[in-house]
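Number of protein chains: 4
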Amino acid sequence: MSDREIVVGIIGTGRIGQLHTKLLNRFVSGVRVEAVCDVVLESAKKCAGIEGIKKYSDDYNDILGNKDIDAVIICSSTDTHAEMISLAASAGKDIFCEKPISFDVDKIKETLKNVENAGVKLQIGFNRRFDPNFVRVRKSVVNGEVGKLHMVRVTSRDPSPPPVEYIKRSGGLFFDMTIHDFDMVRFITGSEVEEVYASGAVLVDKKIGEAGDIDTAAINLKFKNGALGFIENSRQAVYGYDQRVEAFGSGGMVEADNVQSNTVTVSTAKEL
Amino acid sequence: MSDREIVVGIIGTGRIGQLHTKLLNRFVSGVRVEAVCDVVLESAKKCAGIEGIKKYSDDYNDILGNKDIDAVIICSSTDTHAEMISLAASAGKDIFCEKPISFDVDKIKETLKNVENAGVKLQIGFNRRFDPNFVRVRKSVVNGEVGKLHMVRVTSRDPSPPPVEYIKRSGGLFFDMTIHDFDMVRFITGSEVEEVYASGAVLVDKKIGEAGDIDTAAINLKFKNGALGFIENSRQAVYGYDQRVEAFGSGGMVEADNVQSNTVTVSTAKEL
Amino acid sequence: MSDREIVVGIIGTGRIGQLHTKLLNRFVSGVRVEAVCDVVLESAKKCAGIEGIKKYSDDYNDILGNKDIDAVIICSSTDTHAEMISLAASAGKDIFCEKPISFDVDKIKETLKNVENAGVKLQIGFNRRFDPNFVRVRKSVVNGEVGKLHMVRVTSRDPSPPPVEYIKRSGGLFFDMTIHDFDMVRFITGSEVEEVYASGAVLVDKKIGEAGDIDTAAINLKFKNGALGFIENSRQAVYGYDQRVEAFGSGGMVEADNVQSNTVTVSTAKEL
Amino acid sequence: MSDREIVVGIIGTGRIGQLHTKLLNRFVSGVRVEAVCDVVLESAKKCAGIEGIKKYSDDYNDILGNKDIDAVIICSSTDTHAEMISLAASAGKDIFCEKPISFDVDKIKETLKNVENAGVKLQIGFNRRFDPNFVRVRKSVVNGEVGKLHMVRVTSRDPSPPPVEYIKRSGGLFFDMTIHDFDMVRFITGSEVEEVYASGAVLVDKKIGEAGDIDTAAINLKFKNGALGFIENSRQAVYGYDQRVEAFGSGGMVEADNVQSNTVTVSTAKEL
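Protein chains in written order, with our numbering: chain V, 1 to 272; chain A, 1001 to 1272; chain U, 2001 to 2272; chain G, 3001 to 3272.
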């Protein structure tokens, strides 16, 4: 497939669907966006217009039935992910889908089976696996730089909580936010979690608690390979997005620190 | 008492007793070491000789009965701490004692009661409370710089494990090593632990496991003030002593990083 | 002009001309690239084709004579800059031109006079003024954070020297490379240089010396506002692009450090 | 000499003489302070008393004539250094002397010749050569880590200027302060300066200018080994003592940063 364009169709042109359309259309070589669709026809039309894409529709079957399309990008609402994946797999399309597949574990397993049976590729949108810092940490673990892994830690804090309305539909902190960190520890350790202990608290906003969720979490992990681990989450870090990873082992330690907006240090007479 | 010397006696002149004698004798103004004692007379004699101290003995009663002595420094073996504290308290001496008071909680409580009744001062050797980095972190919490505290984390790793013989008598990782970190989180948060979950592993040295101890630990804490916390321990960090603290709250984050042996950075063409 | 598109024409579609065309065409909103030209028609045609621009030509008069075009981007060879600027100014176009205007100071002055007389805008391609790190340093000077300025230092090293053929036509290290740093110290200090002392050496590659140029320079500056300054240059830093700025004054110091490819630190047992 | 004590005498018990006496007496093993002297007898007596040294005097001949004394530490006023060194050399004593030897170059040469003829050891108090950071930088140069040296830079700023009365007698900024940096660049490069260009300014305090000195300097150096260099000085850095060194060469760069009073970072919502 390296000698020809990959032709893709976008299902769902909300905020994230528009972003994928723009990125694939303008910045990724070897890819062509053939068509977009959204249950709201006007949304699909607008997205297609901005990007100069000729085909748009309010019916995902226009994407799945299009023989020219190799792969679909599923950006529709979470409750439709599992069904869309299964349908796209049946239609023989390779699939990228935003996380999560479903809030229901059995449905996830069933969906993965459908994908397996269809023999197509499926990627879930765990974008942090492509962050150069986290990739570098994983490299240290894989190449033995830190030796046998003893401990992994992920600190993951968002700048500010999403609207309470979003939180209500989000599946909760662990499903909505920690899902990236659960994926990250699997990515870093190359192992699966065997034991988990989690404590949570409502420390950021009482309304989040009233909505039945927590906004702060401290999670203790034990991996199949023997390593221990921590994840710490908060919905609000006032100093900005806080994403750090540390892996510690018999040979040393590797840490990924936050990326700052600039590299400037100011030194003054102020007492610190 | 600021207008005159504090006169002290040292009980126990092993490694740590010698160190306290030297530091008090040479570097601390306003203090005079009057006498030292040790169950091994030769040890007391040698320590006294090096420091030019005239009185030494193999009987702690020579210290406790000396009316000139204001305060005692208890550096004898752990199993004698509780008794020495109680006796010194009865003798009206202020007390500094190395940690721990005892391996037995009831005995600790009884000892503290004796101290209270005697109305003397007691300080346990939690030296990290005087580390400028940790003091600075505590300052951030106390002065409100990080706002209401949500999370505290202590990373505490020793360069290499002590001899297995030591470990057998140490009371175990939590009692011997984490005791400093338990103290540190109380120091930083100004709150008491209400819930604790701990997982341990033998990842550094199998012999530690055979001795009935663990060498790696991951501890999850919940404080009375609502904050969550982590402690992570290892008996071996090959890159050296690793002591870091982070406190996170509604107003921001404060981190104490390790002190390095120099501030030098080398940049070369080597691929990193 | 904020309520309508700026229409631009590109003069010169070599490497940098192609880059400006792409950036303006794809990423900058409020701008439309109307036409491109190059003395090599094929180059202009190819550039236009890639970006979907309809008009291309081998005659810059097609750009200058186009009434729809508000502004021109001059990316032709350095020896044509002065003439192109004057012609574009006469045609009433606003101008962006790559550095330098000319190797001849009198010609530069004459060109600037033409621009002034025409009343159009002229910007020279000193891109580092838009680097967030250097902008932050300037902010510290402007807002008084470092007090009255006493010293400014620019460290500027390229990863590797350009081909000797390029160096021969470059005008030399000071004209080709230090020009950015001379601009940067003016940007940071907001003052003009009154005295300059420079020493140079050939330490990177003898061939650069044989071509009549230097590859390493140490420059001492004195500014009208009384501040002193340094610029240090090298054609080769094996560890990569090295661009740092420091400003020091009565109120403190501000430093911009290099941007690293990742934020990862690895700690091992290796002796450092 | 490693198998017996070095016996020393201190000449001059002002601030620095007292410090050397205390350090040698309490902290340096293998050394015994036999006697101290000062032109002010009371000063010598007090210093001897604090340190428990039996011999003190107001006549340096009591030191030079004492056969037990192996080495002298010269801490008397600068104008006496050259003579004291020569006398001590004649007396066959090894010598440590505070900087500078003299303000007069010919007198320095003559003094060094006397030392050479006497065959004794002479060390001048360039303490920064023993700073672990600068030692590490030198190591990088010596072991080839940075390749062939191209550039060295020393940033040297004091927290605040000395009293103007001191400045008047100091020999000026270059002699009093830069002397350490001139020594440092020789230490780092292992080469001698061949060309020097220096510019100075009075930016910190007008009174320093009125006393005939400068308080800010920018110095450009060229070394025999072909490397270039910079020294930058200021009498006042409001953020504290600022001592940094950077060496750059064909193989890379090594930098020594300042030592901070703690390793703590605070992150808050404040706009930076």
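Even for Gly, the Cβ is constructed at its ideal location relative to N, Cα and C.
With respect to the 8 Å criterion, V:L221 and V:V254 are not classified as neighbours on the basis of their beta carbons. Residue state for U:A2048 is assigned as helix, using DSSP reduced to three classes. Counting only residues of its own chain and dropping the five nearest sequence neighbours on each side, V:K93 has a CB closer than 6 Å to the CB of A71 and V72. Along the region 2149-2180 of chain U, none of the residues has a CB nearer than 9 Å to a CB of chain V. G:D3058 and G:V3031 do not touch by the CB rule: their CB atoms are close to 24 Å apart, not below 8 Å. Straight-line spacing of the CA atoms in A:D1106 and V:G251 works out to 41 Å. DSSP, read as helix, strand or coil, puts G:K3121 in coil. Under the 8 Å criterion on CB atoms, U:E2255 is classed as interfacial with respect to chain V. Residues of chain G with a Cβ closer than 7 Å to the Cβ of V:A269 are, in chain order, V3238 and Y3239. Exposed is the label assigned to U:E2116, since fewer than 16 other Cβ atoms lie within 10 Å of its Cβ. A:S1090: member of the alpha helix (DSSP H) spanning T1078 to S1090, first to last residue.
Just so you know, the alpha carbons of U:V2146 and U:G2226 end up roughly 15 Å apart. Contact between A:D1181 and A:S1140 does not hold, since their C-beta atoms are separated by about 18 Å, which reaches or exceeds 8 Å.
The DSSP-derived three-state label of G:Q3260 is coil. If you draw a 10 Å sphere on the C-beta of V:R4, you find fewer than 16 other C-beta atoms in it, and that means exposed. Approximately 5 Å separates the beta-carbon atoms of G:T3189 and G:F3223; this is inside 8 Å, confirming the contact.
Residue contact with chain V for A:K1107: absent (no Cβ-Cβ distance below 8 Å to any residue of chain V). Less than 8 Å divides the Cβ of A:V1152 from the Cβ of A:A1247.
In the three-state scheme derived from DSSP, where H, G and I count as helix and E and B as strand, G:I3053 is classed as coil. A Cβ-Cβ separation of about 3 Å places A:G1017 in contact with A:C1075 under the 8 Å criterion.
Taking a contact as a CB-CB distance under 8 Å, the pair V:H20 and V:I11 does not count as one, their CB atoms being some 10 Å apart.
Taking C-beta separations shorter than 7 Å and ignoring five residues to either side along the sequence, the partners of A:V1137 in its chain run I1188, V1245, A1247, V1254 and A1256, following chain order.
Checking the DSSP bridge columns, you'll see A:G1200 partnered with A:A1217. Around the beta carbon of U:S2267, a 10 Å sphere encloses 16 or more other beta carbons of the protein chains shown; the residue is thus reported as buried. Contact check for G:I3208 against G:I3167 passes: the beta carbons are separated by less than 8 Å. Of all alpha-carbon atoms in V:D205, V:V164, V:N133 and V:N127, the one lying nearest the alpha-carbon of V:D183 is that of V:N127. Here A:D1104 is exposed. Its C-beta has fewer than 16 other C-beta atoms within 10 Å. Contact residues of the region 2130-2141 of chain U toward chain V are P2132, N2133, R2136, V2137 and S2140 (C-beta to C-beta distance below 7 Å). Judged by their CB atoms, G:L3203 and G:D3215 are nearer to each other than the 8 Å cut-off. A residue is called buried when at least 16 other Cβ atoms come within 10 angstroms of its Cβ; V:D68 does not meet this threshold and is exposed.
In the structure shown, V:D181 falls within a helical segment according to DSSP collapsed to helix, strand and coil. Neighbours of G:E3005 in chain A, taken as residues whose beta carbon is under 7 Å from its own, are absent, since the nearest beta carbon is some 15 Å off. A check of alpha carbon separations from G:G3249 across U:N2258, U:S2234 and U:E2192 identifies U:S2234 as the nearest.
By the neighbour-count definition (other C-beta atoms within 10 Å, threshold 16), V:N25 is a buried residue.
Contact annotation for G:S3261 against chain A: P1132 and R1136 [CB-CB distance below 9 Å, chain order].
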